[in-house]
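1120 is the number of the first residue of the sequence shown in my numbering; add one for each residue after it. Below is one structure, written out as structure tokens, with a few remarks after it.
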Amino acid sequence: MSAGTPLVTTEAIEEYIAKYSNWGRWGDADELGAVNFITPSIVRGAAHSVRAGRVVGLGLPFDQHGPQTGVLGRTNCLRYSTATGTDHANGLQRLAGEELPHGFGFADDVIVMPLQSATHWDVLSHIFHNGRMYNGRPASTVTATGAEFSGAQAWRESLVGRAVLLDLPATLGVDWLENGHAIDADQLDAAAEFGKVKIREGDILLLRTGRLKRARAEGWGTYAGGDSPGLSYYTVPWLAAHGIAAVASDTWGVEVRPNELPGAFQPFHIPALVYMGLALGEMFDFEGLSQACAEEGRYEVLFSAPPLAFTGSAGAPPGPVAIL
């Protein structure tokens, strides 16, 4: 935790819940949360802001060489083939028992993975507090068959709009933030000033801490479950005041670890995700985007990252891109 950052108390959690809850704001049936801030006019404006037509991928590869170690029961993606080019080359492929006509062949795959094993969104059925999830729905509505409300499919037409890269290492002149560095509101403002961007309602924040850069330099280690730089709990008022729709980070949990509330687990997620309905993206890759933004001289992008519509899932990977 950064020097000078006060410890979080249970009273602070209750205070932020009371002040910043969005339950009922968009109606009792709402399943979207803060992504409601992203309006069609915001999407149009973001599209019109594209200048260079430069597309930057923001997702980690899904393969057996990913960051997972088994923490939280998460493993890396396993992909295997059910049909291959070697099958075709050796004349082994059949359709309904018959040889495929006219030299036709194909390849198919199967994947087995936790949906939060690499780049992903935490959706609003992911976190509970005192038996409730976003918009006051009972946690018991998320069963072994999936989430009855606010599954990943609810966001399949959202999380496209204006995003701003807040590049903390570039702002502070370091390679990466150290583990335990709590990013406060002043540092968010400084990063926006560095990028010459004004934060607006409906923005998607792309929070680069350099944690992924460090993992690539030193090895995965505890990247997917250990200590990390991240947002301070005390940025909740700043996020609420600016009407932020989503925060995507290059860390596994968005918030700083060790957490600022001793003995707690991810306390920022309680007011942010459960009550504000803030979309939280984890393990995004902003290294290429950091370079592209520096080269183009602009830190505002058109961002597209709807989650794959796994019905009832509490998290899901997108195919995220930024367009400058």
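Glycine included, every Cβ here is placed at the ideal spot set by N, Cα and C. Here the structure is a predicted model, which means the values were calculated and not measured.
What are the partner residues of residue i, as DSSP defines its beta bridges?
i: A1202; result: D1227
i: R1281; result: L1421
i: A1309; result: None, per the DSSP bridge assignment.
i: G1176; result: V1440
i: A1367; result: L1325 and G1400
i: R1251; result: H1248 and P1257
i: P1186; result: The partner list for P1186 (beta bridge, DSSP) is empty, contrary to what the question assumes.
i: L1197; result: V1231
i: E1463; result: In this structure the chain extends from 1120 to 1443, so residue 1463 is not present and cannot be described.
i: R1376; result: S1347
i: T1262; result: G1265
i: D1241; result: L1399 and G1434
May I have the straight-line CA-CA distance separating residue i from residue j, to the nearest angstrom?
i: S1351; j: I1302; result: 5 angstroms
i: A1391; j: V1242; result: 12 angstroms
i: F1405; j: L1219; result: 44 angstroms
i: G1292; j: E1374; result: 21 angstroms
i: V1174; j: G1280; result: 14 angstroms
i: H1221; j: R1275; result: 38 angstroms
i: A1365; j: G1176; result: 18 angstroms
i: R1251; j: F1225; result: 47 angstroms
i: R1330; j: N1141; result: 31 angstroms
i: P1288; j: L1296; result: 6 angstroms
i: A1304; j: A1266; result: 33 angstroms
i: D1322; j: I1363; result: 5 angstroms
i: Q1183; j: L1234; result: 14 angstroms
i: E1379; j: R1333; result: 22 angstroms
i: T1205; j: Q1212; result: 9 angstroms
i: T1264; j: H1245; result: 14 angstroms
i: G1324; j: T1430; result: The amino acid occupying residue 1324 in the given sequence is Leu; Gly does not appear at that position. So the two alpha carbons sit approximately 26 angstroms from each other.
i: E1217; j: D1227; result: 18 angstroms
i: P1436; j: W1240; result: 6 angstroms
i: A1441; j: L1397; result: 20 angstroms
i: H1207; j: F1223; result: 8 angstroms
For residue i, which residues from the same chain have a beta carbon less than 7 angstroms from its beta carbon, with the 5 sequence-adjacent residues on both sides left out?
i: G1344; result: T1188, V1190, L1191 and W1371
i: E1411; result: One point to set straight first is that residue 1411 is Ala, not Glu, in the sequence displayed. Around A1411: R1173, V1175 and L1443.
i: L1179; result: G1185, A1237, T1238, M1402 and D1404
Considering only residues of the same chain and omitting the five flanking positions on each side of residue i, which have a CB-CB separation below 8 angstroms?
i: M1232; result: F1181, T1194, N1195, C1196 and L1197
i: E1415; result: R1170, A1171, R1173 and L1443
i: T1158; result: G1321
i: I1132; result: L1380, P1386, I1389 and P1390
i: T1328; result: L1287, P1288, W1295, L1296, H1300, I1302, S1347, P1348, G1349, S1368, D1369 and T1370
Hey, residue i and residue j are a contact pair by Cβ (cut 8 angstroms); roughly how many whole angstroms apart?
i: T1262; j: L1307; result: Actually they are not in contact, since the Cβ atoms of T1262 and L1307 sit about 38 angstroms apart, beyond 8 angstroms.
i: T1203; j: V1229; result: With a Cβ gap of about 12 angstroms, T1203 and V1229 do not count as contacting.
i: D1084; j: N1298; result: A question about residue 1084 goes unanswered here, because the residues of the chain that appear run from 1120 up to 1443.
i: V1154; j: S1277; result: 4 angstroms
i: L1408; j: L1284; result: 6 angstroms
Using a Cβ-Cβ cut-off of 9 angstroms, state whether residue i counts as contacting chain D.
i: K1332; result: The displayed structure is made up of one protein chain only, and chain D is not part of it.
In chain order, what residues of the same chain have a beta carbon less than 6 angstroms from the beta carbon of residue i, not counting five sequence neighbours either side?
i: G1255; result: W1142
i: F1247; result: A1258
i: I1136; result: P1390 and Y1394
Quiz item: Any contact of the segment 1424-1436 with the segment 1264-1284, i.e. 3+ C-beta pairs under 8 angstroms?
Solution: yes
task: Please confirm if the segment 1322-1338 is in contact with the segment 1126-1146, defined as three or more CB-CB distances below 8 angstroms between the two stretches.
output: no
Checklist entry - With a cut-off of 8 angstroms, do at least 3 Cβ pairs link the segment 1396-1404 to the segment 1161-1170? => result no
**Message:** Taking contact to mean 3 or more Cβ pairs, one atom from each stretch, closer than 8 angstroms, check whether the segment 1149-1159 and the segment 1375-1384 are in contact.
**Reply:** no
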